[in-house]
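Residue numbers (this note's numbering): 761 to 1113. Working notes, structure below.
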Ligand SMILES: [Ca+2]
Ligand SMILES: [Ca+2]
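This is the structure we're talking about:
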């Protein structure tokens, strides 16, 4: 088994690391012109209308990973979408109103966790089961990019209020995207707000911003060419960030130009949860037909990470770079288990008419 996808950074993933260690498994367009739509009702605050349309979803370009293809035809109905990632201030309102406690703020229940792992997986030390989350730690030099443990640190007390662990805070970062939120946390917020998470198809359609068959929300110009377009990792990941965009970690939302639909940070800043399960071969099941509002596979499967059910994340983060994941491409997808909380994953919501 070879682990090539590097976004395994969750509580479940942590345990999976132990499994690997103990079992010595090697790690080695403009779109078709949409009809002018009449949108009824009031525009929800902070949301933009995405018209219905049909587009070619996925990519078979030089940077595309196998699960981004085959490119296939998708039809999406119109919907409202948050113009920005959900911010710390917005998430704080939710927590103040509900008393919600995020996944990262709770200790790991080993009895529950071991059900998801191969039989015989040893229980890790209790210190690793305390409430924690994964924070980014740059390396001192080049590392094997398959060894994600080289730049992720399992940090006690790291959570949305303390993104870098104890002693850190979000004071003054009210307009930054909330991070260290799991898929479950994102759903709880969405439900409270009367919204939902986007499907992967909705997310990609919205990210394309009215362009046809382009690589990025802004077109085809490379992310490090010309003007700064998004918050990414500029330089060589994970040790040399020349920081041209001025943000080593997250940036306040709306720091960079919006796409054609008026949406900010669809490329970079933080990854965004989608509602779909991840399945390595899902697009193959849609080849040669028009998928109508696809909602993802019935179940998750990833041959590189077969023990963990995962949900889709989209858009890349401040850690994405062409030498690594190029997650800011509109067709790029990653995945993570629903109990993930990490320093570079957040979300935005959608709402039906
Ligand atoms: Ca940056
Ligand atoms: Ca983003």
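For every residue, glycine included, the Cβ atom is placed at its ideal position computed from N, Cα and C.
- Under the DSSP assignment, residue 994 falls outside any beta strand (DSSP E); it carries neither an H nor an E label.
- Look at residue 894 here: in three-state DSSP terms it is strand.
- Note on geometry: alpha-carbon atoms of residue 1106 and residue 965 lie some 19 angstroms from one another.
- Contact between the stretch 990-1010 and the stretch 1070-1085 is established, with three or more Cβ pairs separated by less than 8 angstroms.
- Residue 983 is not a Cβ neighbour of residue 974, given a cutoff of 8 angstroms.
- Under the DSSP assignment, residue 1050 falls outside any alpha helix (DSSP H), being part of the beta strand (DSSP E) whose first and last residues are 1050-1052.
- When only Cα atoms are considered, residue 934 and residue 880 end up about 44 angstroms apart.
- For the stretch 911-988, the continuous alpha helix (DSSP H) assignments of 4+ residues that do not extend past its boundaries occur at 943-952, 960-968, in sequence order.
- Annotation for residue 1017 indicates a beta carbon at 7 angstroms or more from all heavy atoms of ligand 2.
- Of the candidates 1096, 1092, 1051, 1051 places its Cα closest to the Cα of residue 837.
- Scanning its chain for C-beta atoms nearer than 7 angstroms, with the 5 sequence neighbours on each side dropped, one finds around residue 1002 the residues 994, 995, in chain order.
- Excluding its 5 nearest sequence neighbours in each direction, residue 1078 has C-beta neighbours in its own chain below 8 angstroms: 991, 992, 993, 1007, 1008, 1009, 1010, 1011, 1028, 1029, 1030, 1104, listed in chain order.
- Nearest neighbour of residue 894 by Cα position, chosen from 863, 957, 874, turns out to be 863.
- For residue 887, the three-state secondary structure derived from DSSP is helix.
- Residue 813 and residue 835 have their C-alpha atoms some 6 angstroms from each other.
- Assignment of residue 866 by DSSP, reduced to helix, strand and coil, places it in the coil class.
- Straight-line measurement puts the Cα of residue 1094 at about 19 angstroms from the Cα of residue 1045.
- Two segments are said to touch when three or more pairs of C-beta atoms, one from each, lie closer than 8 angstroms; by this definition the stretch 1012-1022 touches the stretch 841-853.
- Going by C-alpha positions, residue 1099 is about 12 angstroms away from residue 891.
- 8 angstroms or more divides the Cβ of residue 1033 from the Cβ of residue 1056.
- With a threshold of 7 angstroms, the Cβ atom of residue 1026 counts as near ligand 2, since some heavy atom of the ligand is closer than that.
- Here residue 1105 is bridged, per DSSP, to 1031.
- In the structure shown, the three-state DSSP call for residue 854 is helix.
- Contact annotation: residue 851 and residue 962 have beta-carbon atoms that are not nearer than 8 angstroms.
- Not one heavy atom of ligand 2 sits closer than 7 angstroms to the Cβ of residue 1081.
- Of the other Cβ atoms in all chains shown, 16 or more fall within 10 Å of the Cβ of residue 971; this residue is therefore buried.
- In this structure, the straight-line span from the alpha carbon of residue 950 to that of residue 1097 is close to 18 angstroms.
- Within the model, the alpha-carbon separation for residue 908 versus residue 955 is close to 33 angstroms.
- Put simply, the backbone Cα of residue 1000 is about 15 angstroms away from that of residue 904.
- Sequence-distant Cβ neighbours of residue 967 in its own chain, meaning closer than 8 angstroms and more than five residues away, are 977, 1019, 1023, 1026, 1027, 1074, 1075, 1090.
- Residue 959 counts as buried, since no fewer than 16 other beta carbons sit within 10 angstroms of its beta carbon.
- Proximity to residue 938 across 866, 855, 870, 1005 peaks at 855, based on C-alpha coordinates.
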